[in-house]
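What follows is one structure encoded as structure tokens, with my remarks underneath.
2 protein chains.
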Amino acid sequence: MAKQNTVFKDAFNRCLKLLEQTANLPSEPELGSTLGISRTTVRAILTRLEEVGLLTWEKRRKIVLRKPVASDYFPTEETDSLSEIIERSFMRRILDGGAQPGMQINELELAREIGIGTTGVREFLIRFSRFGLIEKRPNSHWVLKGFTREFALELTEVREMFELRSAAAFAHLPPDHAAWHELEAIEARHHAILADIENRYLDFSELDERFHLFVHRASKNRFIVDFYDVIAIVFHYHYQWNKTNARERNARALEEHLAYIAALRSRDPIE
Amino acid sequence: MAKQNTVFKDAFNRCLKLLEQTANLPSEPELGSTLGISRTTVRAILTRLEEVGLLTWEKRRKIVLRKPVASDYFPTEETDSLSEIIERSFMRRILDGGAQPGMQINELELAREIGIGTTGVREFLIRFSRFGLIEKRPNSHWVLKGFTREFALELTEVREMFELRSAAAFAHLPPDHAAWHELEAIEARHHAILADIENRYLDFSELDERFHLFVHRASKNRFIVDFYDVIAIVFHYHYQWNKTNARERNARALEEHLAYIAALRSRDPIE
DNA sequence: CGTTTGTCTTTTATCGACAATAGACAGATC
DNA sequence: GATCTGTCTATTGTCGATAAAAGACAAACG
């Protein structure tokens, strides 16, 4: 195998979802921009749709023959890109506790365990190293620095500095700036989740990420915005792992966010 | 070629330098740790030293036959690791002005130009992306964001936040901490360069990097320390490119550093 | 008994090859 | 005349292979 066709499979699945709602397909370029892929892949999808009997396709004439059923979809395992697979697999390893700080990381072993080539693992580790959890010894192994208390403290220190700076920048946006509208939308979502906290408390994670990234963007500083990736990935996997008291914790966080939003709106420089 | 033997060549050259000073070599493990390489490479070096008639080597008996001459050394071009070569080549491209912001970066083209495989280029670009100068469009090209005014401003903003924080941490170190001694050493070097500024103003760059990294380390925060890599590389290549008024600029910076050091010592929280 | 050496195995760094995907261009179609 | 399609080329993502370098272990040495 040279390259996984996950882009194709994922786009194919998303195209099927589209077909469940509407019965006629737009032109190739339009479909391409809807799905975020090139025309080459669009045509591969159309070809496959024809093969499985969902479509007659001749030039501009595209006729949907039937609604897609569950078996038409590609299994979700096959639609994840290689880097997503590695990331999940690697984070599980770290957070499951099977990985102590100071431990060596072996590229080949990791590759075999996940079932991919070494190149993918190497590139992942290089990308991942910016999160400060691993470190390279050149010509030798990687060292796992671990999800330790120090790591959390260091992360929090920088996070707070950046958040303060971004919040101040946000508060100084001109009153007619589009961000104020989006802030309202985000606030509304907070109220919506709070109103049905029992059932929707798990929706908080996504909203949390969206909210903080939104505030950080106001800094207009690529380093601050990029750093949010580190925070997001840590929170993402940490909460996936530790769900105790999630309901209460999220409810409290939602209230805090609302106070935070009010402070932003009043241009109060104190967080 | 599978792997460049630059580690061997570079260590070999450094070993020759050692031979210019002392006439007898230590044991293999000791030599290895002196040169920062494994015993495998030490033995390769000893073998080569024997081949070129610099040494008789049998078990523990190592007899140096003559002093090394210039032609014994490997040419310096061959001792640079692949990543150093790529970095230099790439930075020259950016700073020479041959590269406008928004420009696409082509992996294959870059690889051919430098004369290496695509894997090396890819890994370099991934590592380099954390400097915020390039950005990846998945399944497509990299985009050069360029050495623009915004870039400099964003970098400076974070730099100042981190420097302030680190300086505060430094000032709170206990009086018996080893760092205060090193600070004195660094201060002395400042005076030494200032005393002979006409001839030594170019030594400032290295001292500057050492000083700031030293202060940042006091933060004990990996993200702050790591960020200094970004600053260092930018300054390194920027000054290599722009040397106008270097003497005056460095002289002024030296004075500023001395005031800074005095403030640290007086534990003045204001930078 | 602690190093040092000889030998062997393991792991990393780098390459070229190839399928998936993006993208360019001219002719066809509305 | 703008957009769409057919076709072709260019580029990226991923793999396995291989030489360099690291590292493990037992026997030899002092």
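So the sequence lines, in the order shown, correspond to chains A and B.
Using our numbering, read the first sequence as starting at 3 and increasing by one per residue.
Using our numbering, read the second sequence as starting at 3 and increasing by one per residue.
Ideal Cβ positions, reconstructed from N, Cα and C, are used throughout, including at glycine.
It should be emphasised that the depicted structure is a prediction, and the values quoted were computed from it without experimental measurement.
8 Å Cβ cut-off: residues of chain A touching residue i
i: T81(B); result: Simply none; closest approach about 14 Å.
i: M3(B); result: Per Cβ cutoff of 8 Å: no residues; M3(B) is ~16 Å from chain A at best.
Rounded straight-line distance, which links the Cα of residue j to that of residue i
i: F213(A); j: A181(A); result: 11 Å
i: E250(B); j: E189(B); result: 19 Å
i: H171(B); j: K222(B); result: The amino acid at residue 171(B) is misidentified as His; the sequence shows Ala. Whole-angstrom Cα-Cα distance: 9 Å.
i: L260(B); j: I226(B); result: 23 Å
i: T2(B); j: K64(B); result: Nothing in the structure corresponds to residue 2(B), since chain B is present only between 3 and 273.
i: P70(B); j: K19(B); result: 8 Å
i: Q106(A); j: A265(B); result: 42 Å
i: R269(A); j: E159(B); result: 21 Å
i: T120(A); j: A253(B); result: 50 Å
i: Q6(B); j: E152(A); result: 38 Å
i: R41(A); j: R45(B); result: 57 Å
i: E156(B); j: W59(A); result: 51 Å
i: E258(B); j: L196(B); result: 12 Å
i: I235(A); j: D228(B); result: 18 Å
i: Y203(A); j: E211(A); result: 14 Å
i: L185(A); j: T36(B); result: 59 Å
i: L175(B); j: E32(B); result: 36 Å
i: A194(B); j: Q23(B); result: 27 Å
i: R114(A); j: H179(B); result: 47 Å
i: T78(B); j: K245(B); result: 25 Å
i: M163(B); j: A187(A); result: 31 Å
Beta-carbon separation (whole angstroms), residue i vs residue j, contact threshold 8 Å
i: R124(A); j: E125(B); result: 7 Å
i: I96(A); j: I116(A); result: About 14 Å separates the two Cβ atoms, so there is no contact after all.
i: T43(A); j: A13(A); result: 6 Å
i: F206(A); j: L256(A); result: 6 Å
i: L84(A); j: G122(A); result: 5 Å
i: R224(A); j: G134(B); result: 5 Å
i: Y230(B); j: H218(B); result: 5 Å
i: V9(A); j: N141(B); result: 6 Å
i: R132(B); j: R132(A); result: 5 Å
i: I128(A); j: I128(B); result: 5 Å
Contacting residues, own chain, Cβ-Cβ under 8 Å from residue i (five flanking each side not counted)
i: V66(B); result: L21, A25, N26, L27, L56 and L57
i: Q102(A); result: L146 and G148
i: G34(A); result: S40, R41, T43 and V44
i: F130(A); result: E89, F92 and I136
i: N108(B); result: H143
i: E273(B); result: Residue placement at E273(B) is poorly supported in this model, since its pLDDT is 49, which falls under 50; the coordinates still yield a value, given next. So the list reads E165, L166, A169, Y262 and A265, once near-sequence residues are dropped.
i: I118(A); result: L84, I87 and I88
i: S1(B); result: With chain B covering 3 to 273 only, the question about residue 1(B) has no answer from this structure.
i: T150(B); result: P103
i: Y241(B); result: S207 and A248
i: E52(B); result: T58 and W59
i: R68(B); result: G55 and L56
Beta-carbon neighbours of residue i, restricted to chain B and to distances below 9 Å
i: E159(A); result: R167, S221, N223, F225 and I226
i: N7(A); result: The contacting residues do not exist; N7(A) stays about 11 Å from chain B at best.
Cβ shell of residue i (< 7 Å), same chain only, five flanking positions each side left out
i: V54(B); result: D74
i: K11(A); result: F76, E80 and T81
i: R191(A); result: L209
i: R139(B); result: V145
i: P177(A); result: none
Near the ligand GTP: residue i beta-carbon under 7 Å from a heavy atom
i: A255(B); result: Although the ligand GTP was asked about, the structure shown includes no ligands whatsoever.
Interface partners of residue i on chain A, CB under 7 Å
i: T121(B); result: T121
i: E156(B); result: N223, R224 and F225
i: N141(B); result: V9
Same chain only: Cβ atoms within 6 Å of residue i, ignoring 5 sequence neighbours per side
i: R161(A); result: I233
i: Q173(A); result: What sits at residue 173(A) in the sequence shown is Ala, not Gln. The answer, listed in chain order, is L266 and R269.
i: W243(A); result: L97
i: L112(A); result: V123
i: I199(A); result: A253
Cross-chain neighbours of residue i in chain B, by beta carbon under 8 Å
i: N247(A); result: Per Cβ cutoff of 8 Å: no residues; N247(A) is ~28 Å from chain B at best.
i: M93(A); result: What M93(A) touches in chain B: nothing, since even the nearest Cβ is about 18 Å away.
Closer than 7 Å at the beta carbon, the chain B residues around residue i
i: M105(A); result: Result: empty, since nearest Cβ-Cβ is about 17 Å, beyond 7 Å.
Please identify, using Cβ separations under 9 Å, the residues of the region 107-136 of chain A that lie next to chain B, in order along the chain.
T121, R124, E125, I128, R129, S131, R132 and G134
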